[in-house]
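Protein chains in written order, with my numbering: chain A, 268 to 523; chain B, 10 to 88; chain C, 2 to 352.
A virtual CB, placed ideally from N, CA and C, is assigned to each residue, including glycine.
One structure is given here, and the rest of the page talks about it.
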Amino acid sequence: MSPAETTIPQGYGKVFSRPQSLSDAPTTYCPGCLHGVATRLIAEVIDELGIKDRTVGIAPVGCAVFLYRFYNLDFVQASHGRACAVATGLKRANSDLMVFSYQGDGDLAAIGTAETVHAANRGENFTVVFINNQIYGMTGGEMAPTTLPGQRTTTTPRGRDVASTGYPLRISEMLAQLDGPRYITRQSLHDAPHIAKSRKALLTAFSNQLEGKGFSMVELVAACPTNFKMSPDKANKWLVEQALPAYPLGDLKVKE
Amino acid sequence: MAKGITVIDKERCKGCGLCISACPFGVLGFSDEHNSSGYNVATAVAPEQCTGCTICAQICPDVAIEVYRKEKAESKEAA
Amino acid sequence: MSLQLMRGNEAIAEAAIRAGCRCYFCYPITPQGELVEYMARELPTRGGEFLQAESEVSAINMVYGAAAAGVRTMTSSSSPGISLKMEGISYMAGARLPGVIVNIMRGGPGLGNIAPAQADYFQATKGGGHGDYRLITLAPSTVPEAAELVMEAFELSDRYRVPAMILADGMLGQMMEPVELPEPVDPADIPARPWALTGAKGRDPNVVLSFDLDPQGLKKMNQELQAIYRQIQHNEIRWEESHTEDAELLLVAYGTMGRIARTVARLAREEGIRAGLIRPITLWPFPYDPIRQAAQSVSTVLTLELSAGQMWEDVQLAVGQRADTPFYGELGGVVPTPRQILKEVKRYVSS
Ligand SMILES: Cc1ncc(C[n+]2csc(CCOP(=O)(O)OP(=O)(O)O)c2C)c(N)n1
Ligand code: SF4
Ligand code: SF4
Ligand code: SF4
Ligand SMILES: [Mg+2]
Chain A
268 MSPAETTIPQ GYGKVFSRPQ SLSDAPTTYC PGCLHGVATR LIAEVIDELG IKDRTVGIAP
328 VGCAVFLYRF YNLDFVQASH GRACAVATGL KRANSDLMVF SYQGDGDLAA IGTAETVHAA
388 NRGENFTVVF INNQIYGMTG GEMAPTTLPG QRTTTTPRGR DVASTGYPLR ISEMLAQLDG
448 PRYITRQSLH DAPHIAKSRK ALLTAFSNQL EGKGFSMVEL VAACPTNFKM SPDKANKWLV
508 EQALPAYPLG DLKVKE
Chain B
10 MAKGITVIDK ERCKGCGLCI SACPFGVLGF SDEHNSSGYN VATAVAPEQC TGCTICAQIC
70 PDVAIEVYRK EKAESKEAA
Chain C
2 MSLQLMRGNE AIAEAAIRAG CRCYFCYPIT PQGELVEYMA RELPTRGGEF LQAESEVSAI
62 NMVYGAAAAG VRTMTSSSSP GISLKMEGIS YMAGARLPGV IVNIMRGGPG LGNIAPAQAD
122 YFQATKGGGH GDYRLITLAP STVPEAAELV MEAFELSDRY RVPAMILADG MLGQMMEPVE
182 LPEPVDPADI PARPWALTGA KGRDPNVVLS FDLDPQGLKK MNQELQAIYR QIQHNEIRWE
242 ESHTEDAELL LVAYGTMGRI ARTVARLARE EGIRAGLIRP ITLWPFPYDP IRQAAQSVST
302 VLTLELSAGQ MWEDVQLAVG QRADTPFYGE LGGVVPTPRQ ILKEVKRYVS S
């Protein structure tokens, strides 16, 4: 049954539907992948702020590489890790654009660390959505800088050994130390209340840009059920029990 | 009549089950059906329990769920 | 219009501003410091954006972003920095984004030195980045020509939606010469960019991509690129030719070496050696045919470079068995004098 074929009895009003900024294309994410929730929340915020006609998204290299297909927006696909530099170029060329990048933890916190730190430090007026799923999803589940100590990945088959591979990189805490950024927050996508908070954070981040207030980054902690080799439900439980203690939620920097 | 109605777009559903475990009222479950991509799709197995709270739609990564809720002014008429 | 005494690096910067470059991104490196400084001083006061990036990787990706937004944009660097830009250049080529990259070459490989060299010819013309792509490569040999070719680079890059490179060297960057600067481009004359990312208002979304996971799709994308490259090869080959009609020996040299070769040819003629010169101005597309034709009537085609012989390979391809194709080059940033080269020339004429 498609929604169009359903007859809703009189007296009922729609309280939840697909946002306008989303295209009809199905996502390419695995079943139960929280990338999908993040993708939707951004569309809702763009709709709410009425900025669809002036928004340019930046797709990363990673599981969100097809992001441009999922929206009715102008889009550019950036090379691995360089989204913050591409965003800088877009925004410097045309400050009327509303620019957001969408990046995984390999993209943003490993290969793209320099671009991210310096864009944040310059206080570039765009919005970064950072999906921390503690893994390289697209390439088959290798260790990310955010992988937890002891966590098994295809490149840490005996569990991440911090003595040789270092510790989970808390990039939001790092950026919060800088004078440049306006807003740095970490939220989670594992259940409806946290999704509501994530949405609010995204709304703040995009509103900041609209008001010319500078760099905002929303880190969204997510799970990768496929590479965790868990059911989506289990992966979300694991996220709460294992990942969230390493990645405390909340605003890390709010510059007035 | 239930306070809420969910409409699940079967072709969008990937059968991840997140909506099923998220619904506080046990409304949702797996159907006997598979969509054209082969996913076992979710459906309302106890629709009369639905409150229209939208929790299922919030968690659905594929934005496959629409939710309708009984409008307040009209709820008396309907009853 | 008046003549101005300008350094090569400054003339390139000024010409870029006059060509309508609105966004310039850089990372400091010698010997192109004056270009960066000129842009830092001038561009913001003339309606443009200057930004010193955190690396050359970032700078080229800023160019990628600004180009996607639909403005004329440029970056400049020298050899080691250009190596870092290669990923971004490949992405620009794949995504069909115009933009200008200036390489004021220095000695390599590795950190090399800051002396003039021409050892990045392969990197510029044979694809220093990955994939089947080409860079329009323009090689000036004087300061006025550098200014002219910067204007040209923006025009060609826009017309074909292919990134373009100015390939010069430290000598040209530092040298001062009188320049008659080109008139500023009227923004109305810059071709429209219906593909640019301006927000999907009243039209379908625009998407700038350099990938297609479907092999058939990527094949098609590549075929389109190759068709553009064939057009460029057909329409845009530029070279300078002197005294080739009666030549017994043909010199082929570009950029700074092309400039030295001009003197060498004159000195040779003074000594009764009928030397001709072809100076490629576009290194890609390369002037194979003009060289082939000029080679018909000579016994020797001597290639001169500030490298171990990179363009030499293209000259050999052009000449084939029609003539001998020896090479003379200097390495490591050493620049030979015309007299030194003349000695070399004499070896081939007497033999
Ligand atoms: C320069 C470069 N290096 C490596 C890759 C291969 N690669 C593709 S995606 C990826 C990691 C993606 O992980 P992440 O950013 O965490 O995104 P996720 O898939 O988890 O959402 C890598 C290493 C690439 N495409 N380009
Ligand atoms: S591999 Fe992991 S992160 Fe990527 S789409 Fe699948 S579940 Fe999501
Ligand atoms: S709207 Fe609420 S009650 Fe109804 S199915 Fe969804 S989660 Fe359950
Ligand atoms: S959450 Fe969405 S995709 Fe997953 S089973 Fe429910 S309706 Fe299907
Ligand atoms: Mg990841």
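Residue i: CB within 7 Å of a non-hydrogen atom of ligand 4
i: A:CYS297; result: no
i: A:GLY456; result: Per the sequence shown, residue 456 of chain A should be read as Leu rather than Gly. No, since every heavy atom of ligand 4 falls outside the 7 Å radius drawn around the Cβ of A:LEU456.
i: B:LYS23; result: yes
i: B:ILE17; result: yes
i: B:VAL36; result: no
i: A:ALA459; result: no
i: B:CYS69; result: yes
i: B:VAL50; result: yes
Cβ-heavy atom distance, residue i to ligand 2, below 7 Å
i: A:CYS300; result: yes
i: A:PRO492; result: yes
First through last residue of the beta strand (DSSP E) which encompasses residue i
i: C:ALA276; result: 276 to 281
i: C:GLY113; result: Unbroken run through C:GLY113: none, as it is neither H nor E.
i: B:ARG78; result: 74 to 79
i: C:VAL72; result: Counting along the chain, C:VAL72 falls outside any beta strand (DSSP E), and DSSP gives it neither H nor E.
i: A:CYS330; result: Premise fails: A:CYS330 is in no beta strand (DSSP E) and is neither H nor E.
i: C:CYS24; result: 24 to 27
i: A:GLU409; result: Neither: A:GLU409 is in no beta strand (DSSP E) and is coded neither H nor E.
i: C:PRO179; result: 177 to 181
i: A:PHE473; result: No beta strand (DSSP E) holds A:PHE473; the alpha helix (DSSP H) holding it covers 459 to 477.
Close-in-space but distant-in-sequence residues of the same chain around residue i (CB under 6 Å, 5 per side omitted)
i: A:THR355; result: ALA386, GLU391
i: A:ASP518; result: THR452
i: A:ALA489; result: LEU301, ILE398, ASN400, LEU456
i: A:VAL366; result: VAL323, ALA354, LEU357, LYS358, PHE393
i: C:SER78; result: ILE30, GLU57
i: B:ARG78; result: GLY13, GLY61
i: B:VAL36; result: ALA53, ALA55, GLN58, CYS59
i: B:ALA87; result: Confidence at B:ALA87 is low in this model, with a pLDDT of 45, below 50, so the placement of that residue should be treated as unreliable; the coordinate-derived value is given next. Once the five neighbours on either side are set aside, B:ALA87 has no close Cβ partner at all.
i: C:ASN10; result: GLN33, GLU35, LEU36, GLY174
i: C:THR245; result: GLY277, ALA295
i: C:ALA319; result: TYR289, ILE292, ARG293
Cβ distance (whole Å) where residue i is taken to contact residue j below 8 Å
i: A:TYR296; j: A:ASN399; result: At roughly 16 Å, the Cβ-Cβ gap does not stay under 8 Å, so A:TYR296 and A:ASN399 are not in contact.
i: C:ILE282; j: C:ARG239; result: 4 Å
i: C:LEU250; j: C:TYR349; result: 6 Å
i: A:SER465; j: A:LEU316; result: 16 Å between Cβ atoms; not a contact.
i: C:ASP325; j: C:SER300; result: 6 Å
i: C:THR257; j: C:LEU303; result: Contact doesn't hold; Cβ gap of about 17 Å is too wide.
i: C:ARG73; j: C:CYS27; result: About 15 Å; that fails the 8 Å criterion.
i: C:ALA70; j: C:ALA189; result: With a Cβ gap of about 19 Å, C:ALA70 and C:ALA189 do not count as contacting.
i: A:ALA350; j: A:SER368; result: 4 Å
Own chain, CB closer than 8 Å to residue i, minus 5 neighbours either side, in chain order
i: A:THR493; result: CYS297, CYS300, GLY404, GLY408
i: B:TYR46; result: The identity of residue 46 of chain B in the sequence shown is Ser, whereas the question assumes Tyr. Only GLU20, LYS23 meet the Cβ criterion.
i: C:PRO164; result: ILE90, MET93, ALA94, LEU98, PRO99, GLY100, VAL101, ILE102, LEU136, ILE137, SER158
i: A:PRO293; result: none
Proximity test, residue i beta-carbon vs ligand 3 heavy atom, cut-off 7 Å
i: A:GLY280; result: no
i: A:ILE275; result: no
Residue i: CB within 7 Å of a non-hydrogen atom of ligand 1
i: A:THR406; result: yes
i: A:ASN400; result: yes
i: A:HIS347; result: yes
i: A:GLY329; result: yes
i: C:ALA247; result: Per the sequence presented here, residue 247 of chain C reads as Asp, with Ala not at that position. No, the Cβ of C:ASP247 stays beyond 7 Å of every heavy atom of ligand 1.
i: A:TYR403; result: yes
i: A:ALA411; result: yes
i: A:ASP500; result: no
Heavy atom of ligand 5 within 7 Å of residue i beta-carbon
i: A:GLY303; result: no
i: A:GLY371; result: yes
Proximity test, Cβ basis, 8 Å: residue i and chain E
i: A:LEU340; result: Absent from the structure is chain E; the protein chains it does hold are A, B and C.
Cβ-based neighbour list, residue i, same chain, cut-off 7 Å, excluding 5 preceding and 5 following
i: C:PRO286; result: ILE233, GLN234, GLU237, ILE238
i: A:LEU436; result: ALA376, PRO412, THR413
i: A:LEU445; result: ALA387, ASN388
i: C:PRO327; result: THR301, LEU303, TYR349
N-terminal and C-terminal residue of the alpha helix (DSSP H) that residue i is part of
i: C:GLN232; result: 216 to 236
i: C:ASP159; result: 144 to 161
i: B:SER45; result: Where B:SER45 is concerned, there is no enclosing alpha helix (DSSP H), given that its DSSP letter is neither H nor E.
Check whether the stretch 201 to 208 of chain C touches the stretch 216 to 232 of chain C, taking contact to mean three or more Cβ pairs, one atom from each stretch, closer than 8 Å. no
Is the stretch 257 to 277 of chain C in contact with the stretch 328 to 347 of chain C, if contact means three or more CB pairs nearer than 8 Å? yes
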